[in-house]
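A.B. asks: As given, the protein sequences belong to chains A and B, one line each in that order. Everything in the first sequence is counted per the numbering used here, starting at 126 for the first residue and increasing by one. Everything in the second sequence is counted per the numbering used here, starting at 868 for the first residue and increasing by one. Glycine included, C-beta positions come from ideal geometry on N, C-alpha and C. From a predicted model like this one, the values you see are computed outputs, not experimental measurements. What follows is a single structure, and I will ask about it in a moment.
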Amino acid sequence: MYGKSLAFIALALTLNLASAQAAEHYVIDTKGMHAFITFRIQHLGFSWLEGRFNRFRGEFDYDEENPSANRVEVEIDVASLDTNHAERDKHLRSARFFDVKRYPKATFVSKRWEEHDDGTATLRGTFTLRGVSREIEIAVTPVGGGKDPWGGFRRGFEGRTVLDLPDYRMKEAKILGPAAEKVHIWLSIEGVRKP
Amino acid sequence: MIQTPLHNDPRRYGLVARLFHWSMAPLVLVLFLLGLYMVTLDYTHPWYQSAPELHRSLGVLTGLLLVPRWLWRQLDPLPAIEGRRRERVVALSTHRLLYLLLALTVTSGYLIATADGRPLALFDLLEIPALPVTLENQEEPAGSVHRWAAYTLAALSVLHALAALKHHFIDRDATLRRMLGTPPRHLSTRQEPTTSEE
């Protein structure tokens, strides 16, 4: 009886350990740049303007068995924004918009991962931009995962969300007109598993 | 103004130097004021696009004039600067500094406008290619240099103009007239009685 309960504890410990190990740790592949943080915003309501942040880093934990334990953290170098027009980028980096001298970093720290039946997920977390922290939701679709040809293991997702510029005290953003208040974010995130 | 020699002589500037000077003086003035003005324009202002375009084109024109002007200055001996020794040193240093600041302002402006690796246009006439290598976000340091070089250039130009007026109206020497190309004082109608005996 005593032996049985000891065996049970041992089993429970093993299972517990196993589940702790099941959360895989990934580093976002910003070295080989298989990750993109892009934004789209309307120009006068006539067309889409696309840009991206060229420098960021981040990591995530992924647990197939217990997805609610999934966790993501990303830090963006805001000054690396790139809309393929230097004078516009300079304007966007200025105090009128992103004010990168005062707020060089933007961050996202996840709080909750809700897995849906169709395999997609909603990732909730705190996004901080221009010193303003807001709870946001990112719609996540897994793209794929598995062994890569170079001996590693990778996993990738895409994510979408829409941000309201006035939320981030980007007051000057209103000079761009009402069509440009919403920024559509598209993320492609590939992580390389770490042992 | 019967004779308009191309070259400088010891008493006045030649036609080439005067044309360079008087074409660039209004250009620099317009560029400075236009630069100050255009950055205040609202996104929906009708000139929001055209004011910077004009500024860029006039800047290219200034750069294209600056190079031959500087070469001409090296090749054609300058008239002697009038005034006391200290004034002459200050005047010559100011002139050299003006050239340096013009070069800095034009170059930094070029580096802002070509930071994407795309060429810079002189209206529809000409395109100045970007450098084959661009730094990441080079428009930021280039922008700072452009702003401070332009402010210093403007301040020094005011000093330069005030000094010319001081020479003309207070010292009553030929400093301004020899750049205007007007005849030396002893031939002019505004001559003073005492100088006619020379």
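(1) How would you list, in chain order, the residues of chain B whose beta-carbon sits under 8 Å from the beta-carbon of A/K236?
(2) Between A/L217 and chain B, is any beta-carbon pair separated by less than 9 Å?
(3) For the segment 888–909 of chain B, enumerate the residues whose C-beta is nearer than 7 Å to any C-beta of chain E, in chain order.
(4) Can you give me the Cβ contacts of A/L248 inside the same chain, cut-off strictly under 6 Å, excluding the 5 residues immediately before and after it?
(5) Which first and last residues belong to the beta strand (DSSP E) in which A/E297 is found?
(6) Look up A/P267 in the DSSP assignment and give the residues it is bridged to.
(7) Does the contact criterion of 3 or more C-beta pairs under 8 Å hold for the segment 889–897 of chain B versus the segment 300–313 of chain A?
(8) Can a CB atom of chain A be found closer than 9 Å to the CB of B/G950?
(9) Identify the residues that DSSP records as bridge partners of B/L987: which are they?
(10) Got a sec? Which residues, its chain only, sit under 8 Å from B/L925 by beta carbon, not counting five neighbours each side?
(11) Kindly list the residues whose CB is nearer than 7 Å to the CB of A/K226, restricted to its own chain and excluding five residues on each side of it in sequence; keep chain order.
(12) Considering B/D978, what are the terminal residues of the alpha helix (DSSP H) in which it resides?
(13) For A/F181 versus A/I201, is the C-beta distance shorter than 9 Å?
(14) Quick check: what's the CA-CA separation for B/Y1018 versus A/P320?
(15) Using the three-state DSSP reduction, which class does B/G902 fall into: helix, strand or coil?
(16) If you drop the 5 nearest sequence neighbours on each side, which residues of the same chain put their C-beta closer than 6 Å to that of B/Y915?
(17) Using the Cα positions of B/L1066 and A/L174, report the straight-line distance between them to the nearest angstrom.
(18) Can you pull the chain B residues whose beta carbon is under 8 Å from the beta carbon of A/I166, in chain order?
(19) Considering B/A1021, what are the terminal residues of the alpha helix (DSSP H) in which it resides?
(20) Are the Cβ atoms of A/R318 and A/E149 separated by less than 9 Å?
(21) Grab me the residues of B/M1046's own chain with a C-beta within less than 7 Å of its C-beta, minus the 5 sequence neighbours each way, in chain order.
(22) Determine the DSSP secondary structure at A/T163, reduced to helix, strand or coil.
(23) For the beta strand (DSSP E) that A/R180 lies in, which residues bound it at each end?
(24) Do B/L1002 and B/L965 have their beta-carbon atoms positioned less than 9 Å apart in this structure?
C.D. replies: Let's see:
(1) One-based indexing of the first sequence puts residue 236 of chain A at position 111. Those do not exist, as A/K236 stays about 33 Å from chain B at its closest Cβ, beyond 8 Å.
(2) By 1-based counting over the first sequence, the position of residue 217 of chain A is 92. No, A/L217 lies away from the interface with chain B (no Cβ there is under 9 Å from its Cβ).
(3) Looking at the structure shown, chain E is missing, and the protein chains on hand are A and B.
(4) Looking up residue 248 of chain A in the first sequence gives position 123. Cβ neighbours of A/L248 beyond the five flanking positions: S235, W238, I263, V265.
(5) By one-based count along the first sequence, residue 297 of chain A stands at place 172. Neither: A/E297 is in no beta strand (DSSP E) and is coded neither H nor E.
(6) Position 142 of the first sequence, counted from the first residue, corresponds to residue 267 of chain A. A/P267 is bridged to A/F282.
(7) no
(8) On the second sequence, position 83 is the one that residue 950 of chain B refers to. No, B/G950 does not count as interfacial toward chain A.
(9) Here residue 987 of chain B is taken as the residue at index 120 of the second sequence, counted from 1. DSSP output for B/L987 lists B/I995 as bridge partner(s).
(10) Translated into positions along the second sequence, residue 925 of chain B becomes position 58. Taken in chain order, the residues that qualify are L894, V897, L898, L901.
(11) Residue mapping note: residue 226 of chain A aligns to position 101 of the first sequence, counting from 1. Correct list: empty, nothing qualifies.
(12) Residue numbering aside, residue 978 of chain B sits at position 111 when the second sequence is read from its first letter. Sequence check: residue 978 of chain B is Leu here, not Asp. From DSSP, the alpha helix (DSSP H) with B/L978 extends over 952–980.
(13) The count along the first sequence starts at 1 and reaches residue 181 of chain A at position 56. The count along the first sequence starts at 1 and reaches residue 201 of chain A at position 76. Going by C-beta atoms, A/F181 is nearer than 9 Å to A/I201.
(14) In the second sequence, the residue the question calls residue 1018 of chain B occupies position 151. In the first sequence, the residue the question calls residue 320 of chain A occupies position 195. Distance between the alpha carbons of B/Y1018 and A/P320: 57 Å.
(15) Residue 902 of chain B sits at position 35 when you count from the first residue of the second sequence. Correct three-state label for B/G902: helix.
(16) Position 48 of the second sequence holds residue 915 of chain B. Cβ neighbours of B/Y915 beyond the five flanking positions: L908.
(17) This structure cannot speak to residue 1066 of chain B, because chain B is shown only from 868 to 1065.
(18) Working through the first sequence from its first residue, we reach residue 166 of chain A at position 41. Those do not exist, as A/I166 stays about 13 Å from chain B at its closest Cβ, beyond 8 Å.
(19) If you number the second sequence from 1, residue 1021 of chain B lands on position 154. Unbroken alpha helix (DSSP H) run through B/A1021: 1006–1036.
(20) In the first sequence, the residue the question calls residue 318 of chain A occupies position 193. In the first sequence, the residue the question calls residue 149 of chain A occupies position 24. For A/R318 and A/E149, yes; Cβs fall inside 9 Å.
(21) As a first step, residue 1046 of chain B must be located in the second sequence, where it is residue number 179. For B/M1046, where only same-chain residues beyond five positions count, the Cβ hits under 7 Å are Y880, R885, H888.
(22) One-based indexing of the first sequence puts residue 163 of chain A at position 38. In the structure shown, A/T163 sits in a strand (DSSP, three-state: E or B).
(23) Your numbering for residue 180 of chain A matches position 55 in the first sequence. It is not in any beta strand (DSSP E) - A/R180 carries neither H nor E in the DSSP assignment.
(24) If you number the second sequence from 1, residue 965 of chain B lands on position 98. If you number the second sequence from 1, residue 1002 of chain B lands on position 135. In this structure, B/L1002 does not lie closer than 9 Å to B/L965 by Cβ.
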